[in-house]
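Only one structure is covered here, and it is reproduced in the block below.
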Amino acid sequence: MKTVKGLLLGTAAGLAAMSGAQAADLPVKAKAVEYVKICSLYGAGFYYIPGTDTCIKFGGYLRVDVTANGSVQNNPGWNGSIGANDRFAHDFQTRSRLQFVTDVRTATQYGVVRVFGAINWQFDTFGASGGLNTAAVNASAMTGGVNNYTPGNGFVGVDQVFVQFAGFTFGKSVSARAVPWNGILANNNTRTFIGGPEYLDGINNIQYTYQFGNGFSASIGLDEPVVGGRTNLGNVLAPSSTAAIGTSNVAFLGTVGGSGSIGGYAGQSIPDVVANFKIDQAWGIFTIAGNIHEVRATYYNPSTAGPAGNFLGELSGHPDTKIGGSVTAGLQLKNIPTGPGDVFTIDATYARGDTRNVISSTGTSPNFAIFGNGIAGLTYQSVGFGFTSDGIYSGTNAANGTGIELTTAYGVRVGYIHNWSPEWQSGLFGSYSKIDYNGRATALYCTGYGAAVAGLNATYTCNPDFAVSQIGLRTGYTPVTGLTFSTEVIYVNLDQKFSGATAGNVTPSGNLAKPSARYNFRDQDSVSVNFRVQRNF
21 MKTVKGLLLG TAAGLAAMSG AQAADLPVKA KAVEYVKICS LYGAGFYYIP GTDTCIKFGG
81 YLRVDVTANG SVQNNPGWNG SIGANDRFAH DFQTRSRLQF VTDVRTATQY GVVRVFGAIN
141 WQFDTFGASG GLNTAAVNAS AMTGGVNNYT PGNGFVGVDQ VFVQFAGFTF GKSVSARAVP
201 WNGILANNNT RTFIGGPEYL DGINNIQYTY QFGNGFSASI GLDEPVVGGR TNLGNVLAPS
261 STAAIGTSNV AFLGTVGGSG SIGGYAGQSI PDVVANFKID QAWGIFTIAG NIHEVRATYY
321 NPSTAGPAGN FLGELSGHPD TKIGGSVTAG LQLKNIPTGP GDVFTIDATY ARGDTRNVIS
381 STGTSPNFAI FGNGIAGLTY QSVGFGFTSD GIYSGTNAAN GTGIELTTAY GVRVGYIHNW
441 SPEWQSGLFG SYSKIDYNGR ATALYCTGYG AAVAGLNATY TCNPDFAVSQ IGLRTGYTPV
501 TGLTFSTEVI YVNLDQKFSG ATAGNVTPSG NLAKPSARYN FRDQDSVSVN FRVQRNF
């Protein structure tokens with residue numbers, strides 16, 4: 021009996037142990053998978069980051085450009101080897117670019133906190149970011165060396181990176197000085213549609229925007245001026261040691277200013293003060309934008325390239341700082357009677373000591389130098405050029421130095437978009453830009469130029485004023501959503517105000533392959549053509 025009882029107890033204990041082991045081996049219920057959820061607070065394409073109340077959106081584009089008789093993105097061939105039309109110039113240039121955009125937003129009790137970034141990876145004909153309206157050669161190429169075009173190179177560019185909170189924006193963003201369309205008035209491919217401000221790639225700034233409601237808003241901000249806020253500041257030294265016909269900045273020194281300065285500019289001291297007022301409603305947009313800009317020079321004689329024996333550096337003194345600025349008024353009309361989705365846009369800009377907001381591009385403001393046919397039996401070729409500046413000054417020391425003579429500039433841009441069908445669209449655009457030097461600035465410029473290019477004949481007159489006209493046509497075909505094939509043609513006219521010809525042989529810029537010869541001054545033209553494929557995602 022005891023034996024039977026022991027067997028029963030042992031069996032029960034064994035079964036209990038087996039049952040406990042099986043219970044321990046049962047799978048534990050997994051945590052529910054947290055799927056990515058659509059965030060509808062900020063429009064299409066946003067998703068919640070799992071486990072947070074933050075929404076994120078990814079996007080961008082892949083773009084391939086081919087431009088003939090111009091540089092990448094259909095920037096006209098109005099200087100460098102393209103303007104000179106020599107054999108160093110590329111007859112066509114290409115660019116492949118991938119832009120990646122991230123937009124992150126979080127709702128808080130103080131409003132939405134937004135972080136935005138747009139980064140470009142690209143490869144150009146020049147292997148990196150070079151080649152924008154520049155000569156297609158470097159120093160070694162001019163002496164028979166080889167340009168280092170490396171297939172493995174490339175370029176990473178930052179369009180915009182900023183944070184927004186409670187109406188404030190901090191970082192690299194579109195300036196409050198800009199008009200909403202920047203330089204894109206007709207869906208144009210070119211990023212050098214001059215005649216008004218262009219800030220689409222952003223600039224380091226701090227700004228505040230107040231929304232009044234019903235589409236009314238106002239912004240005020242501070243922009244860093246040294247990048248994207250300056251053209252040249254011409255320091256004229258007469259006689260100049262080296263200068264030549266066809267160099268658009270003839271007889272100017274001061275390129276050693278340092279601190280990222282351009283020409284005779286000193287390092288930045290105060291930021292640009294920028295502001296705008298805007299009405300944005302269903303019918304269209306009206307805006308007024310402007311800024312105040314500091315024009316601050318280095319020294320009268322900052323370089324050993326100045327007149328022999330007169331190098332004084334910081335002992336030479338400097339002209340007083342002046343304040344310039346500019347203002348733009350713009351109007352955009354949407355859904356005009358010519359067709360659904362058609363748009364007409366116009367803006368006009370006036371600047372004094374702030375030419376960057378008229379002769380504007382995503383890069384530096386261009387100078388102009390285009391060569392053409394000469395006079396048979398008299399000159400080798402003709403040339404037209406224009407020096408883009410915020411001002412001019414002269415002198416070798418404080419005793420004989422002048423003040424800064426601010427440059428006046430104004431421009432008008434017009435764009436029209438017509439939709440032929442859901443797949444086909446055309447954009448027609450044009451602009452007129454004028455640079456005007458006052459009498460004192462003209463005298464300084466012409467004194468320096470006359471000393472640099474000696475022996476001008478009796479028909480010669482000197483006038484640094486110039487104007488640039490552009491007219492372009494773009495047509496795009498979008499067979500499927502987000503994929504567009506487009507072609508764009510741009511005609512440029514450079515209306516320069518010099519006349520006559522050189523009496524003797526002169527040597528053009530050392531960066532060009534032009535010989536020492538006689539040249540006459542004449543207005544010039546240029547035509548460029550662009551083909552683009554772009555896929556937005």
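Okay, so the sequence shown: first residue is 21 according to my numbering, each after it adds one.
Glycine included, every Cβ here is placed at the ideal spot set by N, Cα and C.
The model shown is predicted, which means the values in this text are computed figures rather than measured ones.
Endpoints, alpha helix (DSSP H) assigned at residue i
i      : result
Ile102 : Gly100 to Ala104
Separation of residue j from residue i, as counted between CA atoms
i      : j      : result
Ile299 : Ser101 : 44 Å
Asn252 : Pro499 : 45 Å
Asn17  : Val194 : As displayed, the chain neither begins before 21 nor continues past 557, which places residue 17 out of reach and without an answer.
Asp73  : Thr122 : 17 Å
Ser260 : Ser91  : Caution is warranted here: a pLDDT of 38 is assigned to Ser260, below 50, making its placement in the model unreliable, and no coordinate value can be reported.
Pro386 : Gly459 : 23 Å
Gly137 : Ala238 : 23 Å
Gly450 : Thr427 : 23 Å
Val135 : Ala206 : 29 Å
Ala537 : Leu398 : 10 Å
Val132 : Gly304 : 26 Å
Ala196 : Leu61  : 26 Å
Asn167 : Ser289 : Residue placement at Asn167 cannot be trusted, given a pLDDT of 36 that sits under 50; the coordinates are not used to answer.
Cys482 : Asp456 : 13 Å
Tyr55  : Ile69  : 10 Å
Gly333 : Cys75  : 56 Å
Asp545 : Gly435 : 21 Å
Thr212 : Lys534 : 26 Å
Ala104 : Ala396 : 19 Å
First and last residue of the uninterrupted beta strand (DSSP E) at residue i
i      : result
Thr87  : Thr74 to Ala88
Gly513 : Sequence check: residue 513 is Asn here, not Gly. Segment Leu503 to Gln516, the beta strand (DSSP E) holding Asn513.
Asn224 : Ile223 to Gly233
Arg372 : Val363 to Arg372
Lys192 : Phe188 to Ser193
Pro499 : Phe486 to Val500
Pro346 : A small correction: the amino acid at residue 346 is Ser; Pro does not occupy that position in the sequence shown. Ser346 -> beta strand (DSSP E) spans Lys342 to Lys354.
Val124 : Phe112 to Thr128
Thr307 : Gly304 to Val315
Gln288 : From DSSP, Gln288 is part of no beta strand (DSSP E); its letter is neither H nor E.
Gln184 : Phe175 to Phe185
Asp243 : Phe236 to Asp243
Lys57  : No beta strand (DSSP E) contains Lys57, which DSSP labels as neither H nor E.
Sub-8 Å separation of residue i and residue j beta-carbons
i      : j      : result
Tyr320 : Thr462 : no
Val256 : Ser414 : yes
Glu218 : Gly241 : no
Ile452 : Gly215 : In the sequence under discussion, the amino acid at residue 452 is Tyr, which differs from the Ile named in the question. Yes, the Cβ-Cβ distance between Tyr452 and Gly215 is below 8 Å.
Arg552 : Val84  : yes
Asp179 : Asp243 : no
Asp367 : Thr348 : yes
Asn439 : Gly502 : no
Gly191 : Phe185 : no
Lys57  : Gly65  : no
Asn208 : Gly359 : no
Val363 : Ala371 : no
Tyr511 : Val547 : yes
Tyr228 : Arg250 : no
Option nearest residue i by Cα separation, candidates the options
i      : options                           : result
Thr126 : Ile312, Arg250 and Cys59          : Cys59
Ala521 : Thr467, Gln129 and Tyr400         : Tyr400
Phe112 : Phe391, Phe136, Val86 and Gln119  : Val86
Val403 : Pro528, Leu118, Ala418 and Val247 : Pro528
Asn296 : Ala309, Arg134, Val434 and Asn393 : Ala309
Pro484 : Asn208, Gly392, Phe407 and Ala523 : Phe407
Arg115 : Asn95, Phe66, Gly524 and Ile76    : Asn95
Phe557 : Gly103, Phe120, His110 and Asn105 : Phe120
Residue environment, residue i, which counts as buried when at least 16 other CB atoms sit within 10 Å
i      : result
Pro291 : buried
Phe236 : exposed
Tyr130 : exposed
Pro357 : exposed
Thr128 : exposed
Tyr230 : exposed
Gly71  : exposed
Phe391 : buried
Glu314 : buried
Gln93  : buried
Gly373 : buried
Glu425 : buried
Gln554 : buried
Thr307 : buried
Arg107 : exposed
Phe388 : buried
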